[in-house]
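Please read the structure below before turning to the comments.
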Amino acid sequence: MDRIDQKILDLLQADATLAIAAIAEKVGLSVAPCWRRIKKLEDEGVICRRVALVDRRKVNVPMTLFVSVRTTRHAIEWVEHFRKVIADVPEIVEVWRLTGDIDYLLRIVVPDIDAYDAVYKRLIERVELADVSSAIAMEELKYTTAVPTGYIKPSRG
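Counting in the numbering used here, the sequence shown runs from 4 upward without gaps.
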């Protein structure tokens with residue numbers, strides 16, 4: 004990858020609906036080479052998918068909670084079961100396995116606290132957890148799906 008690929012990625016992360024001709028113009032390429040670069044980025048898995056980002060407030064899930072989970076179980080079988088359970092809960096939009104005192108951090112979006120309580124009950128009914136602690140987000144100060152591309156190491160060759 005080089006600086007042109009970086010620019011292409013930055014443009015697509017900001018707006019995946021941009022026409023290839025518009026991208027090509029902004030990065031200083033003609034359409035065919037620009038298309039080939041984008042295709043290569045997709046083929047190599049750098050671009051994993053193109054999605055529409057939905058404003059959660061406009062679809063009635065304005066509340067975000069960060070839920071810390073601790074477990075006493077760390078066997079592969081338990082982890083696989085946990086993966087299946089969280090995959091079946093659409094309100095759980097992110098899950099991270101962590102180091103330290105907390106084993107997992109979940110980001111959950113719901114309309115209100117009653118909806119969160121229902122999600123919580125569904126979760127604890129299906130998977131054994133040692134401790135669950137929730138924090139309600141008061142204000143979103145920054146949210147982006149774009150990853151920084153400034154760390155790309157130019158390839159040689």
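All residues carry an ideal CB built from backbone N, CA and C; glycine is no exception. Note that the structure is predicted; figures quoted are calculated from it, not measured.
Endpoints, beta strand (DSSP E) assigned at residue i
i: residue 28; result: Counting along the chain, residue 28 falls outside any beta strand (DSSP E), though it belongs to the alpha helix (DSSP H) covering 23 to 30.
i: residue 111; result: 107 to 113
Continuous alpha helix (DSSP H) stretch holding residue i: start and end
i: residue 44; result: 34 to 46
i: residue 8; result: 6 to 17
i: residue 135; result: Careful: residue 135 lies outside any alpha helix (DSSP H), inside the beta strand (DSSP E) at 134 to 139.
i: residue 122; result: 116 to 129
Pairwise C-alpha distance: residue j and residue i
i: residue 71; j: residue 108; result: 5 angstroms
i: residue 103; j: residue 114; result: 31 angstroms
i: residue 158; j: residue 98; result: 32 angstroms
i: residue 50; j: residue 5; result: 15 angstroms
i: residue 88; j: residue 124; result: 12 angstroms
i: residue 154; j: residue 11; result: 15 angstroms
i: residue 100; j: residue 106; result: 6 angstroms
i: residue 156; j: residue 20; result: 26 angstroms
i: residue 81; j: residue 74; result: 10 angstroms
i: residue 30; j: residue 23; result: 11 angstroms
i: residue 140; j: residue 65; result: 10 angstroms
i: residue 127; j: residue 79; result: 19 angstroms
i: residue 47; j: residue 35; result: 18 angstroms
i: residue 25; j: residue 152; result: 20 angstroms
i: residue 144; j: residue 33; result: 38 angstroms
Residue from the options with nearest C-alpha to residue i
i: residue 83; options: 129, 54 and 124; result: 129
i: residue 37; options: 15, 52, 51 and 157; result: 15
i: residue 27; options: 45, 17 and 8; result: 8
i: residue 146; options: 17, 135 and 80; result: 17
i: residue 118; options: 63, 87, 47 and 48; result: 63
i: residue 44; options: 86, 13, 69 and 61; result: 13
i: residue 76; options: 134, 11, 47 and 50; result: 134
i: residue 120; options: 81, 67, 101 and 34; result: 67
i: residue 142; options: 152, 60, 79 and 25; result: 60
i: residue 149; options: 122, 136, 52 and 131; result: 52
Below-9 angstroms beta-carbon distance, residue i vs any chain C residue
i: residue 51; result: Note that chain C does not occur in the displayed structure, where there is just one protein chain.
Integer-rounded CB distance, given that residue j should sit under 8 angstroms from residue i
i: residue 138; j: residue 69; result: 5 angstroms
**Request:** Could you tell me whether the region 85 to 101 touches the region 35 to 54, where touching means 3 or more Cβ pairs closer than 8 angstroms?
**Result:** Taking 8 angstroms as the limit for Cβ pairs, the verdict is that the region 35 to 54 does not touch the region 85 to 101.
**Request:** Spell out a yes or no on whether the region 48 to 56 and the region 111 to 127 are touching, meaning 3 or more CB-CB pairs, one atom from each, closer than 8 angstroms.
**Result:** By the C-beta criterion, the region 48 to 56 is judged not to be in contact with the region 111 to 127, since fewer than 3 inter-stretch pairs fall below 8 angstroms.
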